[in-house]
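Here the structure comes first, spelled out in structure tokens, and everything after it is commentary.
2 protein chains.
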Amino acid sequence: MSDDAPAHPKSRGAARRAQRRGPTMEDVAEIAGVSRGTVSRVLNGATHVSSASLAAVREAMRQTGYVVNESARSLVTRRSGAVAFVLSEPPDRLFEDPVLGGLMRTCTALLGAQGRGLMLMLAGNPDERERVLHFARGGHVDGVLLVSMHDGDPLAAALHGTGVPVVICGRAPATGPLMPYVAADDRGGARLMTQYLLDRGARRLATVAGPADTPGGVERLAGFRDVLGGAVPDGAIVRAEAYGIEAGRAAMDQLLHGFPDLDAVFVASDLLAVGALQALHAAGRRVPGDVLVGGFDDSAIASATMPPLTTIRQPLSQVAAELVEVLLELIAGRHPSSRVLPTSLVRRDSA
Amino acid sequence: MSDDAPAHPKSRGAARRAQRRGPTMEDVAEIAGVSRGTVSRVLNGATHVSSASLAAVREAMRQTGYVVNESARSLVTRRSGAVAFVLSEPPDRLFEDPVLGGLMRTCTALLGAQGRGLMLMLAGNPDERERVLHFARGGHVDGVLLVSMHDGDPLAAALHGTGVPVVICGRAPATGPLMPYVAADDRGGARLMTQYLLDRGARRLATVAGPADTPGGVERLAGFRDVLGGAVPDGAIVRAEAYGIEAGRAAMDQLLHGFPDLDAVFVASDLLAVGALQALHAAGRRVPGDVLVGGFDDSAIASATMPPLTTIRQPLSQVAAELVEVLLELIAGRHPSSRVLPTSLVRRDSA
DNA sequence: CCGGGCACCGTGAGCGCTCACAGTCTCCTT
DNA sequence: AAGGAGACTGTGAGCGCTCACGGTGCCCGG
Chain A
1 MSDDAPAHPK SRGAARRAQR RGPTMEDVAE IAGVSRGTVS RVLNGATHVS SASLAAVREA
61 MRQTGYVVNE SARSLVTRRS GAVAFVLSEP PDRLFEDPVL GGLMRTCTAL LGAQGRGLML
121 MLAGNPDERE RVLHFARGGH VDGVLLVSMH DGDPLAAALH GTGVPVVICG RAPATGPLMP
181 YVAADDRGGA RLMTQYLLDR GARRLATVAG PADTPGGVER LAGFRDVLGG AVPDGAIVRA
241 EAYGIEAGRA AMDQLLHGFP DLDAVFVASD LLAVGALQAL HAAGRRVPGD VLVGGFDDSA
301 IASATMPPLT TIRQPLSQVA AELVEVLLEL IAGRHPSSRV LPTSLVRRDS A
Chain B
1 MSDDAPAHPK SRGAARRAQR RGPTMEDVAE IAGVSRGTVS RVLNGATHVS SASLAAVREA
61 MRQTGYVVNE SARSLVTRRS GAVAFVLSEP PDRLFEDPVL GGLMRTCTAL LGAQGRGLML
121 MLAGNPDERE RVLHFARGGH VDGVLLVSMH DGDPLAAALH GTGVPVVICG RAPATGPLMP
181 YVAADDRGGA RLMTQYLLDR GARRLATVAG PADTPGGVER LAGFRDVLGG AVPDGAIVRA
241 EAYGIEAGRA AMDQLLHGFP DLDAVFVASD LLAVGALQAL HAAGRRVPGD VLVGGFDDSA
301 IASATMPPLT TIRQPLSQVA AELVEVLLEL IAGRHPSSRV LPTSLVRRDS A
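If you read the protein sequences in the order shown, they are chains A and B.
Quick note on numbering: UniProt numbering labels position 142 of the first sequence as 142, and the sequence is numbered without any gaps.
Quick note on numbering: UniProt numbering labels position 197 of the second sequence as 197, and the sequence is numbered without any gaps.
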């Protein structure tokens, strides 16, 4: 009742220090026998600091266990040190697709090495979208990595409107403001695979394409057509409803129905290919004996199927690296260009 | 040379406003004809605010597009509004395991609905670990969700030392300070599966256990033993090196070698089971004809294998929900208890 | 008719940092 | 020997917010 308030006004400083969370720059400065300004200088770059005071400050920091208060710093610099990783996808995509996990992981590691944090945000419904926008506008993040598979994503344009640097992973929306993107060469990869199937002796080629509103769905089909020219019979192209296993099975069933004597199929994603493999198996077709199957992504699942999937490898860690590089450039005020990274063929047993 | 500095000191306010990023509370207050204090009150709770000024402030906010500066707020409240999601794992785990992705996604969504952000952090090496600790100590996050599969993770103890609320997903380290955790009932699940295999007629049961330093590796094996009692022959237990497909294949090969007449195998994770299935297939054993195979996790891959995997389902979204609930309680200063959630059997074709 | 209570409101004092500026001190040039 | 160019350092003024405090006005009981 009597000891919970400092008795003397003069002891206020000490009391404050006692209840305060951690040491401040001021404390460090005092111990090191320098001023706030000098401590600040060693904190950012340490230019124009004598080696004597540098050492003193370092020692004082060590001794006090000082860690800089990022909020205070952000308040004045208007930089947050964080970037948002925005997933503009139907909610269950992340569950199924290991590709995204890898991307995220690599970005996090790369950003972390730069002392930056990665904030994960979903944008699967209007509420979430609004939150992302609010976040960006509020300056809580210095930049946004937008992973959007869908063309003409309204979020991309809206985000662009906030003035926050944005780089898109996948493909820039065909319409709307242009902003830098990083993507794997889907079309080239599809060409690679189609040609490979041809080289392996396929004569009755079919394809399971991805949804039409995704770059993968458009570009990979385009690559398939590039190689085959006009020689694609009716019924040899079926579009999957989504990128899941179920969708792949359904599409393959449909293909088997409409184009029964196929001897090879290019499937627009590994996950889809898993479903296709199941449908093929159920139909009694042997892979690769009766039909060759080529996938796309080289996701972790590709080597787990039976038989292991011949597929197109997306240079995922390179995509991640370029993604953060481009974003960092953007944040630094430069104007990096978009990048398309080459894909390559990974031969396994399915073709 | 002459027009880049304001001519009159008196115009400074206006110039500042022009170059300033966004409207501040002060601006909103001015427009609404009230004071900063009132604006602040409507921002947090709006108690003791007349409906007239409430409306005026709301309108002024709308009109100016005001969004609160979180850094300034954090600076004084010492709360950041973010929580860290720390992955204490070898780097390639996330690539392979869809379970983590789902957990992350659900946590992000749940946290987001509370207006909180989720910061993804890796802790796969000492550098990263140090970064996490630094982050926690710096008060950049209000709490930490530590996903740690390894027992006695030094990070858990270190994190506990920072005073930041921590909840562990998986299992609390047996040693060290006790902190709340949320886990699925691994042991119970393993019992469930083992009993099921027995009920299906298995007589020569074997198991591929997870690494010994993981709760999954310990608890699931314990559950297996619970049911079988002392009746487990030599060679019927093989420990996988890791949780990957390769490791599963290797372990199954070893089992086939040391315990050739097995008629059922309980594999400690779906990913491991994928490898096991491959090894079995390569050895010419049919599943489930010759040997029954049971997995664990019910990850997305379980329905993609051939045959689809009978497995134990972890209530992932419930784990996520409890995880954030417990953390939020902790942050609020309460003392929630740990939770263990029931698992269930999912019957597919492999057993 | 006056004093006290209550709902509402404005104000000042910071939170811990950065940045520009104004010193100080040393050393080199002319 | 005077002057200036650096190198180094300290200081003040905020960044935009919250929180405690001290006013107002108004209504009610005595």
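Don't be surprised by glycine CBs; every beta carbon is placed ideally from N, CA and C.
Put residue i into one of helix, strand or coil per three-state DSSP.
| i | result |
| --- | --- |
| residue 266 of chain A | strand |
| residue 196 of chain A | helix |
| residue 317 of chain B | helix |
| residue 141 of chain A | coil |
| residue 280 of chain B | helix |
| residue 297 of chain B | strand |
| residue 229 of chain B | coil |
| residue 104 of chain A | helix |
| residue 22 of chain B | coil |
| residue 53 of chain B | helix |
| residue 94 of chain B | Confidence at residue 94 of chain B is low in this model, with a pLDDT of 49, below 50, so its placement is unreliable and no value can be given for it. |
| residue 119 of chain B | strand |
| residue 34 of chain B | coil |
| residue 353 of chain B | With chain B covering 1 to 351 only, the question about residue 353 of chain B has no answer from this structure. |
| residue 88 of chain B | strand |
Any beta carbon from chain B within less than 7 Å of residue i's own beta carbon?
| i | result |
| --- | --- |
| residue 312 of chain A | no |
| residue 241 of chain A | no |
| residue 320 of chain A | no |
| residue 304 of chain A | yes |
| residue 145 of chain A | no |
| residue 67 of chain A | yes |
| residue 58 of chain A | no |
| residue 119 of chain A | yes |
| residue 122 of chain A | yes |
| residue 74 of chain A | yes |
When you compare each of the options to residue i by their alpha carbons, which one comes out closest?
| i | options | result |
| --- | --- | --- |
| residue 57 of chain A | A:342, A:30, A:205, A:73 | A:30 |
| residue 195 of chain B | B:71, B:245, B:228 | B:228 |
| residue 346 of chain A | A:189, A:260, A:218 | A:189 |
| residue 279 of chain B | B:298, B:255, B:85 | B:255 |
| residue 271 of chain B | B:293, B:130, B:262 | B:293 |
| residue 264 of chain B | B:332, B:101, B:295 | B:295 |
| residue 185 of chain B | B:198, B:213, B:218 | B:218 |
| residue 212 of chain B | B:241, B:193, B:224, B:199 | B:241 |
| residue 215 of chain A | A:301, A:269, A:284, A:306 | A:269 |
| residue 82 of chain B | B:64, B:112, B:61, B:63 | B:112 |
| residue 301 of chain B | A:244, A:178, A:34 | A:244 |
Looking only at its own chain, which residues have a Cβ that is under 6 Å from the Cβ of residue i, when we skip the five neighbours before and after it?
| i | result |
| --- | --- |
| residue 108 of chain B | 118 |
| residue 320 of chain B | 103, 106, 107 |
| residue 308 of chain A | 348, 349 |
| residue 122 of chain A | 87, 128 |
| residue 221 of chain B | 209 |
Can you confirm whether residue i, when its beta carbon is compared against all beta carbons of chain A, has any partner nearer than 7 Å?
| i | result |
| --- | --- |
| residue 71 of chain B | yes |
| residue 140 of chain B | yes |
| residue 88 of chain B | no |
| residue 282 of chain B | no |
| residue 101 of chain B | yes |
| residue 109 of chain B | yes |
| residue 245 of chain B | yes |
| residue 274 of chain B | yes |
| residue 286 of chain B | no |
| residue 36 of chain B | no |
Any heavy atom of the ligand COA within a distance shorter than 6 Å of the CB on residue i?
| i | result |
| --- | --- |
| residue 107 of chain A | For the ligand COA, the structure offers nothing, since it holds no ligand at all. |
Tell me, which residues are paired with residue i by DSSP?
| i | result |
| --- | --- |
| residue 339 of chain A | A:182 |
| residue 239 of chain A | A:209 |
| residue 344 of chain A | A:313 |
| residue 287 of chain A | In DSSP, residue 287 of chain A forms no bridge with anything. |
| residue 168 of chain B | B:146, B:181 |
| residue 155 of chain A | In DSSP, residue 155 of chain A forms no bridge with anything. |
| residue 255 of chain A | Partner(s): none; residue 255 of chain A has no beta bridge. |
Near residue i, which residues of its chain fall below 7 Å by C-beta distance, leaving aside the five closest residues on each side in sequence?
| i | result |
| --- | --- |
| residue 51 of chain B | none |
| residue 89 of chain B | 124, 149 |
| residue 46 of chain A | 54 |
| residue 64 of chain A | 23, 27, 28, 31 |
Among residues of its own chain, excluding the 5 on either side of residue i, which ones have a beta-carbon nearer than 8 Å to its beta-carbon?
| i | result |
| --- | --- |
| residue 94 of chain B | Caution applies to residue 94 of chain B, whose pLDDT of 49 falls short of 50 and renders its modelled position unreliable; the model cannot decide the point. |
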